[in-house]
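>
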Amino acid sequence: MLFFSACDPGNRSADAARSAATSHGEILGVASPYDADITLYRGVPYAAPPVDELRWQPPQPPIPWHQPRIADRFAASCYQQRHVSTFVWRREDFEVSEDCLYLNVWTPREGADLPVMVWFHGGSHTSGQGHSLIFDGTSLASQGVVLVTINYRLGPFGFLAHPWLANESPHDSAGNYGLLDKIAALKWVKGNARAFGGNPDNITIFGQSAGSQSVCTLMTSPLARGLFEKAIGQSAGCAHHSALNPGSSPDPRGYARGTTLVTEVGSHNLAALRNANAEDVLKAALSTGWENGSRITLDGWVVPESPAQVFASGRQAPVPLLLGYMADEGVELFPKTPGLTKAALAEFARSIAGDKGSQLVAAYGTPDATPEAMQFAITTDWLMAFGMRRWAEYQVKLGQPTYFYYVDHVPPAFHIYMPEQPDLQLPGGRRSGGAYHSGDLALVFGTTDKVGLDWTEDDHQVSRYMVRYWTNFAKTGDPNGHDTPIWHAFDAANMATQVISSKPISQDGVDRQRLDVMSTIWPM
Numbered sequence: 193m194l195f196f197s198a199c200d201p202g203n204r205s206a207d208a209a210r211s212a213a214t215s216h217g218e219i220l221g222v223a224s225p226y227d228a229d230i231t232l233y234r235g236v237p238y239a240a241p242p243v244d245e246l247r248w249q250p251p252q253p254p255i256p257w258h259q260p261r262i263a264d265r266f267a268a269s270c271y272q273q274r275h276v277s278t279f280v281w282r283r284e285d286f287e288v289s290e291d292c293l294y295l296n297v298w299t300p301r302e303g304a305d306l307p308v309m310v311w312f313h314g315g316s317h318t319s320g321q322g323h324s325l326i327f328d329g330t331s332l333a334s335q336g337v338v339l340v341t342i343n344y345r346l347g348p349f350g351f352l353a354h355p356w357l358a359n360e361s362p363h364d365s366a367g368n369y370g371l372l373d374k375i376a377a378l379k380w381v382k383g384n385a386r387a388f389g390g391n392p393d394n395i396t397i398f399g400q401s402a403g404s405q406s407v408c409t410l411m412t413s414p415l416a417r418g419l420f421e422k423a424i425g426q427s428a429g430c431a432h433h434s435a436l437n438p439g440s441s442p443d444p445r446g447y448a449r450g451t452t453l454v455t456e457v458g459s460h461n462l463a464a465l466r467n468a469n470a471e472d473v474l475k476a477a478l479s480t481g482w483e484n485g486s487r488i489t490l491d492g493w494v495v496p497e498s499p500a501q502v503f504a505s506g507r508q509a510p511v512p513l514l515l516g517y518m519a520d521e522g523v524e525l526f527p528k529t530p531g532l533t534k535a536a537l538a539e540f541a542r543s544i545a546g547d548k549g550s551q552l553v554a555a556y557g558t559p560d561a562t563p564e565a566m567q568f569a570i571t572t573d574w575l576m577a578f579g580m581r582r583w584a585e586y587q588v589k590l591g592q593p594t595y596f597y598y599v600d601h602v603p604p605a606f607h608i609y610m611p612e613q614p615d616l617q618l619p620g621g622r623r624s625g626g627a628y629h630s631g632d633l634a635l636v637f638g639t640t641d642k643v644g645l646d647w648t649e650d651d652h653q654v655s656r657y658m659v660r661y662w663t664n665f666a667k668t669g670d671p672n673g674h675d676t677p678i679w680h681a682f683d684a685a686n687m688a689t690q691v692i693s694s695k696p697i698s699q700d701g702v703d704r705q706r707l708d709v710m711s712t713i714w715p716m
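Quick look at the structure:
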């Protein structure tokens with residue numbers, strides 16, 4: 193295992209530090225390198241290291257420290273593959289460790305009772321880290337919020353479900369350790385928010401892709417109830433029965449996948465599995481299909497039933513919700529099938545919609561649409577757009593303020609976020625990916641001046657609007673403010689959608705005709 197010793201307390205100078213008294217010890221922050229009025233606390237432990245006997249256990253409280261801890265170094269990323277060319281947030285090698293349950297806090301140097309925003313990064317539950325430069329919280333914090341980003345266990349370390357683990361659990365539960373990490377982080381934030389100038393009763397959780405799916409799932413988990421007051425979901429949900437929903441899996445507890453991995457590792461009992469080298473566990477996961485993403489499982493405790501069923505019965509968290517998706521989600525996410533025949537398209541439609549597959553095909557047919565393009569559009573809508581709209585519909589039905597968005601602004605291709613390797617660009621041009629999955633990250637965090645190359649004034653303007661919309665929502669449950677174009681609330685009749693560009697505008701029912709067909713196939 194690789195450990196990051198720099199996250200231990202040290203004796204370095206802290207002349208510019210700001211002290212925060214947490215429940216487990218004093219920490220000393222430093223000024224953000226981008227704004228001296230923002231204090232940054234890097235690498236703050238919110239749980240004990242999940243190593244040795246704590247591997248594949250619910251997170252335990254952090255180990256207290258008795259001398260001031262200088263929080264000036266980010267902790268290691270949670271154990272994952274390195275040197276992966278498809279990573280959105282970073283290309284270079286980086287340090288990983290199972291000792292990774294740390295968070296980072298950006299907060300205004302002055303202020304009290306500020307709203308708190310807690311970010312869950314995406315990455316298919318297999319990759320990513322909360323401290324990537326694209327997630328720098330300075331811009332958000334400068335709007336008068338406390339911004340928290342976290343690391344959580346990934347891949348087999350965060351989502352392995354196996355009968356051995358369930359048998360030792362008092363809840364007969366296995367898997368979802370990464371979700372339990374998020375819950376532990378929220379408990380820590382709620383208990384320590386005031387130390388950073390935050391209001392523990394005004395916490396907004398937000399995330400993108402797998403992080404957004406986690407937001408959605410936590411809205412249905414009894415263990416997360418009362419830990420947040422608002423939610424923001426970006427480009428993934430859990431509120432309808434699709435391949436992304438654990439309730440639709442033939443093996444919802446994930447035991448088959450977990451058993452295959454354990455067999456590959458070669459461990460004959462749980463003690464041996466916990467002693468297995470982390471790199472061997474990761475290699476076994478990659479050779480048994482985990483590189484395609486880790487699954488949330490129905491474990492009977494953290495996720496006691498299908499999230500879609502919870503939403504359908506109106507038992508999700510009754511909180512204000514802001515959510516939406518990118519115009520071209522599938523460009524970087526879902527593969528196309530060149531040469532697809534009409535017969536193959538019809539079979540694909542039947543595989544997801546049964547005897548209503550022909551309705552689905554008809555809804556996406558245009559005179560110049562190829563079977564390949566139609567399958568791509570259906571997949572994108574089914575796994576993204578429709579799921580996000582269904583999530584919004586359920587929250588409105590619960591009587592909660594709901595704000596829906598659609599980003600059609602085309603940002604630079606994410607490969608360009610790596611300035612040390614500027615040649616990593618999409619073929620055909622820097623903006624050839626459309627408004628692609630993950631293209632909103634730098635815009636939401638206001639980091640267009642910190643990552644990538646050749647951003648335009650339009651990009652910066654879109655980012656300024658998104659930063660204000662997101663922080664306004666965190667403050668009041670309403671994204672509207674005096675310096676932003678009006679954003680009408682979503683309702684079942686008009687389905688108002690904020691089309692986000694350099695000139696945002698509210699429209700009724702973006703993509704409504706196609707998504708309405710999906711609603712008849714998969715009714716609420």
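All residue numbers for the sequence shown refer to our numbering, where the first residue is 193 and numbers rise by one. We treat Cβ as the ideally placed atom computed from N, Cα and C, and that holds for glycine.
(1) Give every residue of the same chain whose Cβ lies closer than 7 Å to the Cβ of Glu456, excluding the five residues on either side of it in the sequence, and list them in chain order.
(2) If I measure Cβ to Cβ from Ala684 and keep anything under 8 Å in the same chain, skipping five residues before and after, which residues do I get?
(3) Quick one, are the C-beta atoms of Gly631 and Pro512 less than 7 Å apart?
(4) If you pair each beta-carbon of the stretch 304-312 with each one of the stretch 333-348, do three or more pairs fall below 8 Å?
(5) Span of the alpha helix (DSSP H) holding Asp211?
(6) Check for me: the beta strand (DSSP E) holding Val236 runs from which residue to which?
(7) Going by alpha carbons, who is nearest to Val702 out of Pro362, Met580 and Leu462?
(8) By the DSSP assignment, the beta strand (DSSP E) with Asp393 in it spans what residues?
(9) Over the uninterrupted alpha helix (DSSP H) stretch that includes Gly631, give me the two end residues.
(10) I'd like the list of long-range same chain contacts for Lys528, defined as Cβ closer than 6 Å, with 5 residues on each side in sequence excluded.
(11) To the nearest angstrom, how far is it from the Cα of Arg704 to the Cα of Gly429?
(12) Leaving out five residues on either side along the sequence, give the residues of the same chain with a beta carbon under 8 Å from the beta carbon of Glu360.
(13) Nearest-angstrom Cα distance between Lys548 and Arg542?
(14) Given Ile375, which residues of its chain have a CB within under 6 Å of its CB, disregarding the five upstream and five downstream residues?
(15) Flag this pair as yes or no: are the beta carbons of Tyr233 and Ala263 separated by less than 7 Å?
(16) Does DSSP put Ile375 in a helix, a strand or coil?
(17) Which residue wins for smallest C-alpha separation from Asp600, given the options Asp650, Thr640, Val643 and Thr451?
(18) Tell me the start and end of each unbroken alpha helix (DSSP H) in the stretch 311-362 that is at least 4 residues and wholly inside, in chain order.
(19) Which residue wins for smallest C-alpha separation from Pro392, given the options Gly399, Thr299, Gly383 and Val243?
(20) State the start and end residues of the unbroken alpha helix (DSSP H) segment that holds Met658.
(21) According to DSSP, simplified to helix, strand and coil, what is Arg581?
(22) In whole angstroms, what is the alpha-carbon distance linking Cys270 and Thr676?
(23) Is DSSP giving Lys422 helix, strand or coil here?
(24) With C-beta atoms as the reference, is Thr409 less than 7 Å away from Gln508?
(25) Under three-state DSSP, which class holds Pro499?
(26) So, is Phe279 buried or exposed, given that buried needs 16 or more other C-beta atoms within 10 angstroms?
(27) Could you give the first and the last residue of the continuous alpha helix (DSSP H) run that contains Gly591?
(28) Is Met576 buried or exposed, if buried means 16 or more other CB atoms sit within 10 Å of its CB?
(29) Quick test of your reading: Tyr598 and Ile692, contact by CB under 8 Å. State the CB separation rounded to the nearest angstrom.
So, from the data block:
(1) So the list reads Ala476, Ser479 and Thr480, once near-sequence residues are dropped.
(2) Sequence-distant partners of Ala684 (beyond 5 residues in either direction) whose C-beta falls short of 8 Å from its own C-beta, in its chain, are Glu585, Val588 and Lys589.
(3) It is not a contact, given that the beta carbons lie outside the stated cut-off.
(4) Contact between the stretch 304-312 and the stretch 333-348 is present: 3 or more CB-CB pairs across the two stretches fall below 8 Å.
(5) Per the sequence presented here, residue 211 reads as Ser, with Asp not at that position. Membership of Ser211 in any alpha helix (DSSP H) is not indicated; the residue belongs instead to the beta strand (DSSP E) covering Arg210 to Thr214.
(6) Asp227 to Pro237 is the span of the beta strand (DSSP E), which, as asked, contains Val236.
(7) Nearest of Pro362, Met580 and Leu462 to Val702, Cα basis: Met580.
(8) Boundaries of the beta strand (DSSP E) around Asp393: Gly390 to Gln400.
(9) Looking at the DSSP string, Gly631 is not in any alpha helix (DSSP H), and its letter there is neither H nor E.
(10) Excluding its 5 nearest sequence neighbours in each direction, Lys528 has C-beta neighbours in its own chain below 6 Å: Glu564 and Phe568, listed in chain order.
(11) A direct Cα-Cα distance of roughly 18 Å separates Arg704 from Gly429.
(12) Correct list, in chain order: Leu462.
(13) Note on geometry: alpha-carbon atoms of Lys548 and Arg542 lie some 7 Å from one another.
(14) Result list for Ile375: Leu415 and Ala416, in chain order.
(15) In this structure, Tyr233 places its C-beta atom within 7 Å of the C-beta atom of Ala263.
(16) In the structure shown, Ile375 sits in a helix (DSSP, three-state: H, G or I).
(17) Of the residues Asp650, Thr640, Val643 and Thr451, the one whose Cα lies closest to the Cα of Asp600 is Asp650.
(18) Correct list: 330-333, 347-351 and 355-360.
(19) Closest option to Pro392, Cα to Cα, is Gly383.
(20) Residues Glu649 to Thr668.
(21) Three-state DSSP puts Arg581 in a helix.
(22) Taking C-alpha positions only, Cys270 is separated from Thr676 by approximately 38 Å.
(23) Correct three-state label for Lys422: strand.
(24) Against a cut-off of 7 Å, the Cβ pair of Gln508 and Thr409 comes out as no contact.
(25) Assignment of Pro499 by DSSP, reduced to helix, strand and coil, places it in the helix class.
(26) For Phe279, the predicted structure reports a pLDDT of 49, less than 50, and the residue's modelled location is therefore unreliable. A value from the coordinates is still provided. The Cβ neighbour count for Phe279, taken over all protein chains shown within 10 Å, is at least 16; the residue is labelled buried.
(27) From DSSP, Gly591 is part of no alpha helix (DSSP H); its letter is neither H nor E.
(28) Around the beta carbon of Met576, 16 or more other beta carbons lie within 10 angstroms, which makes this residue buried.
(29) Right, their Cβ atoms sit about 7 Å apart.
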